[in-house]
Every structure is written in structure tokens, then in C-alpha cells.
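Chains as they are written, first to last, in our numbering: chain A, 136 to 248; chain B, 142 to 252.
Positions of the beta carbon are idealized from the N, C-alpha and C atoms, including for glycine.
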Amino acid sequence: QKEVEQNSGPLSVPEGAIASLNCTYSDRVSQSFFWYRQYSGKSPELIMSIYSNGDKEDGRFTAQLNKASQYVSLLIRDSQPSDSATYLCAGAGSGGGADGLTFGKGTHLIIQP
Amino acid sequence: DVKVTQSSRYLVKRTGEKVFLECVQDMDHENMFWYRQDPGLGLRLIYFSYDVKMKEKGDIPEGYSVSREKKERFSLILESASTNQTSMYLCASSPGLFEQYFGPGTRLTVT
Numbered sequence: 136q137k138e139v140e141q142n143s144g145p146l147s148v149p150e151g152a153i154a155s156l157n158c159t160y161s162d163r164v165s166q167s168f169f170w171y172r173q174y175s176g177k178s179p180e181l182i183m184s185i186y187s188n189g190d191k192e193d194g195r196f197t198a199q200l201n202k203a204s205q206y207v208s209l210l211i212r213d214s215q216p217s218d219s220a221t222y223l224c225a226g227a228g229s230g231g232g233a234d235g236l237t238f239g240k241g242t243h244l245i246i247q248p
Numbered sequence: 142d143v144k145v146t147q148s149s150r151y152l153v154k155r156t157g158e159k160v161f162l163e164c165v166q167d168m169d170h171e172n173m174f175w176y177r178q179d180p181g182l183g184l185r186l187i188y189f190s191y192d193v194k195m196k197e198k199g200d201i202p203e204g205y206s207v208s209r210e211k212k213e214r215f216s217l218i219l220e221s222a223s224t225n226q227t228s229m230y231l232c233a234s235s236p237g238l239f240e241q242y243f244g245p246g247t248r249l250t251v252t
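Printed below as a string of C-alpha cells:
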């Protein structure tokens with residue numbers, strides 16, 4: 136099993152709707168999780184981190200972690216065209232990320248006006 | 142705000158050249174990382190460093206080396222550039238654990 140898996144998309148969502156991005160992971164990367172947003176030609180930008188089971192909300196973004204199912208998700212409420220980007224899910228192992236993060240290949244999100 | 146800078150946004154080199162990519166962070170972070178990003182392969186870790194003069198291999202270290210002489214600076218070296226090293230190179234830093242912050246990236250083309 137690949138360590139962090141994401142559906143590559145594209146995922147197309149109408150403006151104003153909720154965009155739901157999903158990620159599954161293996162045991163090796165099970166400690167902490169991060170969502171990065173990457174615009175075309177730009178570097179990844181950290182938007183959310185989550186360390187324990189449950190939900191974490193920050194503005195229009197909600198990260199959800201379910202360690203029993205090895206599943207992490209990102210919800211974007213009231214989606215805007217500016218949210219169109221590739222979203223990378225990343226996990227840290229027992230080293231807490233000090234030995235690097237393992238990234239999924241990203242989901243391409245398109246918000247349709 | 143965390144600021145990570147990289148010496149060049151775009152770089153074109155010839156096969157066999159020695160290439161230096163520089164990365165500087167201004168937040169006194171302990172850990173620094175070099176990744177490369179390729180279409181269909183995602184981000185892959187080349188090397189990382191958790192202290193001055195310390196370095197550890199990542200998942201794909203072959204053909205690369207690194208140097209960390211000062212805490213704020215982490216250099217990636219391609220000893221003899223090859224065409225399969227054409228890629229986007231991303232430097233990141235971290236205060237110890239968890240979140241990593243990326244520089245703008247260097248798009249390297251080896252011809």
C-alpha cells in the first residue's frame with residue numbers, strides 16, 4: 136500500500152458549494168497530518184494541520200482525522216474560484232516530521248463560477 | 142511570517158555540470174529539507190538536516206549531496222547534473238516537529 140494516497144481528480148465543484156478532499160494513509164505515516172495548497176507554478180502553502188482524531192476548523196476550512204479508518208479529509212465551505220488549486224495531503228511518522236513528510240500526489244480542485 | 146528563500150527561480154545547466162541550489166530561512170528553524178517535485182510522482186524527499194553540519198538521506202539521495210555550514214542555510218549539490226535531474230526543487234524548513242514551510246522553488250532544466 137502506498138503511504139499516502141489521494142484521488143488525483145480533477146474534482147469539479149460549483150462556486151459556493153462544499154469541496155471535500157480525501158486522503159488515506161498507511162501505518163508508517165500515522166502521527167500528524169497536513170494539508171497544503173499549491174497553485175500552478177507555485178510552491179506548496181500550508182493551510183491546515185491536524186494531530187488528533189476529530190475535526191479542526193479554521194475559517195472556511197475543516198480538517199477531519201479518523202485514525203481507526205486511516206482517513207483524513209479537508210472540507211472547504213463556500214468554495215471560491217480562488218480555491219482552485221492542487222491540494223496535497225502529507226503525513227508525518229514517529230519522528231514527528233523531523234525526518235521529512237510523506238506527501239500524496241495531490242488532488243486537483245476546480246471551482247466552477 | 143516564516144520566510145524561506147531560494148537562490149534562483151529558474152536555472153538551465155548542461156549535462157555534467159556541478160550545480161548548487163541555495164536555500165535560506167530567517168526563522169531560526171532547526172530542520173531543513175530538500176524535495177523534488179515531478180508530474181505524476183509528487184514530492185519526494187532528497188535530503189534533510191536537523192542541525193548544523195548534520196545531514197540525513199531521504200528517499201532519493203542518489204546523485205545529490207548537501208551542505209549545512211550555518212543554521213539558516215542549506216545547500217543542495219548536484220555533483221554531475223544529468224537530464225533525469227530536470228525537476229522542480231523545493232526547500233522547506235521546520236521549527237522542530239510537524240509543520241514545514243516551503244520556499245518558492247527552483248525549476249532546474251538540464252540539457
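For the beta strand (DSSP E) that contains residue 149 of chain A, what are its first and last residues? 146-149
So, does the stretch 229-248 of chain B touch the stretch 145-162 of chain B, judging by three or more C-beta pairs under 8 Å? yes
Can you tell me which residues form a DSSP beta bridge with residue 193 of chain A? A:196
Contact criterion: CB-CB distance below 9 Å. Does residue 169 of chain A meet it with respect to chain B? yes
My understanding is that residue 221 of chain A touches residue 173 of chain A, with C-beta atoms under 8 Å, so please give their C-beta distance in whole angstroms. 5 Å
Using CA atoms only, rank isn't needed, just tell me which of A:214, A:226, A:165 and A:246 is closest to residue 183 of chain A. A:226
Which residues of chain B have a Cβ atom closer than 8 Å to the Cβ of residue 179 of chain A, listed in chain order? 184, 231 and 243
Which parts of the stretch 196-227 of chain A are runs of the beta strand (DSSP E), unbroken and 3 residues or longer, counting only runs that do not cross its ends? 196-201, 206-211 and 220-227
If contacts are defined as beta-carbon pairs under 8 Å, then residue 184 of chain B and residue 176 of chain B qualify, I think. What distance do you get, rounded to the angstrom? 5 Å
Quick one: is residue 188 of chain A buried, meaning 16 or more other Cβ sit within 10 Å of its Cβ, or exposed? exposed
If you compare alpha carbons, which of A:145, A:146, A:144 and A:155 is closest to residue 206 of chain A? A:155
Using a threshold of 9 Å, state whether the C-beta atoms of residue 239 of chain A and residue 166 of chain A are closer than that. no
Three-state class that DSSP yields for residue 188 of chain A in the structure shown: coil
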